[in-house]
Amino acid sequence: MEGSSYQRFPKVKIRELRDDYAKFELRDTDASMANALRRVMIAEVPTIAIDLVEIEVNSSVLNDEFIAHRLGLIPLTSERAMSMRFSRDCDACDGDGQCEFCSVEFHLRAKCHNDQTLDVTSKDLYSSDHTVVPVDFSDSAAATGEALDSKGIIIVKLRRGQELRLRAIARKGIGKDHAKWSPAATVTFMYEPSIHINEDLMDTLTPEEKRTWVESCPTRVFEFDSVTHQVTVVDPEAYTYDDEVIKKAEAMGKAGLVDITAKEDSFIFTVESTGAIKASQLILNAIDILKQKLDAVRLSDDTVEADDQFGELGAHMRGG
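Numbering (the working numbering), first residue to last: 7 to 326.
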């Protein structure tokens, strides 16, 4: 019925989960909800990042602004970000953004005393809060079997006599304000493909034609068995909706050889975290924030005061 609505009960199934990576299925919903979740993960889940840098001494080859920018992009552990206050809303420091409730202070002091180049890294940043420190990637690298130097992220290199001393203030923020606050390295989703081969048409092809058709797919979605001469679907999720196999079938005069459709209520998400928070916590925080936004929209349907928050959108939702 046109204009009707229905209550949906989305389901989530975790496929793979690591500290910095998650892959899961989102079912029984539509693209609007899937994309809303993706955008919230990228731009609205808060983290902590360096926002103010006071440089006392800098005799390195990099200027002050360059170093401040590099410091801002160093991911900091942000498990307590959700409970922290935004500096603009903090009543303890009147919005100054330099108190224990809305900020964390860092210090860095480094000087090269010999002829060997000194690497100043994120491990040289000393935090006033042991729960907010630069992310250590050596643990995640060891879990995946990769070799990684545990010195940290390089900020600058110093030669003999060069020195860097600074004080930095880290604050809570979201990716919508600046990318340095985004907890996600990447968040993607795709429609789950449904692939069906027309076996009757497939049987009319010669083994060489079957092999050629399988090889026309840029990714390994299909497989040709040289013994049984059967074509099977081995990895439907590898399909990139490029239509190459469909075009190849049409060129061979076998239109309808394969039917590929996207399940419009099923999505496969891939989430990679910067390390500021775990991928699992990133997803949970995004769901909490999305629920808060939906509650606010629901509230705006009943109260005129919501116009101050939603402007024309709130009035439009009430038919104004």
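In this text, a Cβ means the ideal position worked out from N, Cα and C, and glycines have one as well.
| Item | Value |
| --- | --- |
| Could you give the DSSP three-state label for Phe-228: helix, strand or coil? | strand |
| Opposite Pro-213 in the DSSP bridges: which residues? | Paired residues: none, contrary to the question. |
| Should Glu-169 and Lys-117 be called a contact, given that it needs their Cβ atoms to be closer than 8 Å? | yes |
| So, for Asp-34: in the same chain, excluding its five sequence neighbours on each side, which residues have a beta-carbon less than 7 Å away from its beta-carbon? | Arg-14, Phe-15, Pro-16, Lys-17, Asp-271 |
| Go ahead and label Glu-22 buried or exposed: buried means 16 or more other beta carbons lie within 10 angstroms of its beta carbon, across all protein chains shown. | exposed |
| Return the chain-ordered list of same chain residues with a C-beta closer than 6 Å to the C-beta of Leu-114, the five sequence neighbours on each side being excluded. | Asp-130, Leu-131, Leu-172 |
| In whole angstroms, give me the CA-to-CA distance for Gly-78 and Met-88. | 19 Å |
| To the nearest angstrom, report how far apart Asp-328 and Val-303 are at their CA atoms. | Because residue 328 is not part of the residues shown, which for the chain are 7 to 326, the question remains open. |
| Measuring only between beta-carbons, confirm whether Pro-81 sits less than 8 Å from chain D. | This model lacks chain D altogether, as it is built from one protein chain only. |
| Which residues in the same chain have their Cβ closer than 6 Å to the Cβ of Ile-203, if we skip the five residues on either side of it in sequence? | Val-264 |
| Can the beta-carbon of Asp-125 be found closer than 8 Å to that of Lys-163? | yes |
| If you count every other CB in all the chains shown that lies within 10 Å of the CB of Val-240, and 16 or more means buried, which is it? | exposed |
| Taking its Cβ as the centre, do 16 or more other Cβ atoms sit within 10 Å of Ser-128, making it buried, or is it exposed? | buried |
| Please list, in chain order, all residues of the same chain as Thr-225 whose beta carbon is under 7 Å from its beta carbon, the five residues on each side excluded. | Ala-244, Tyr-245, Thr-246 |
| Can you tell me the Cα-Cα spacing of Ile-161 and Met-258, whole angstroms? | 58 Å |
| Along the chain, which unbroken stretches of the alpha helix (DSSP H) at least 4 residues long are found entirely within the stretch 102-153? | 144-150 |
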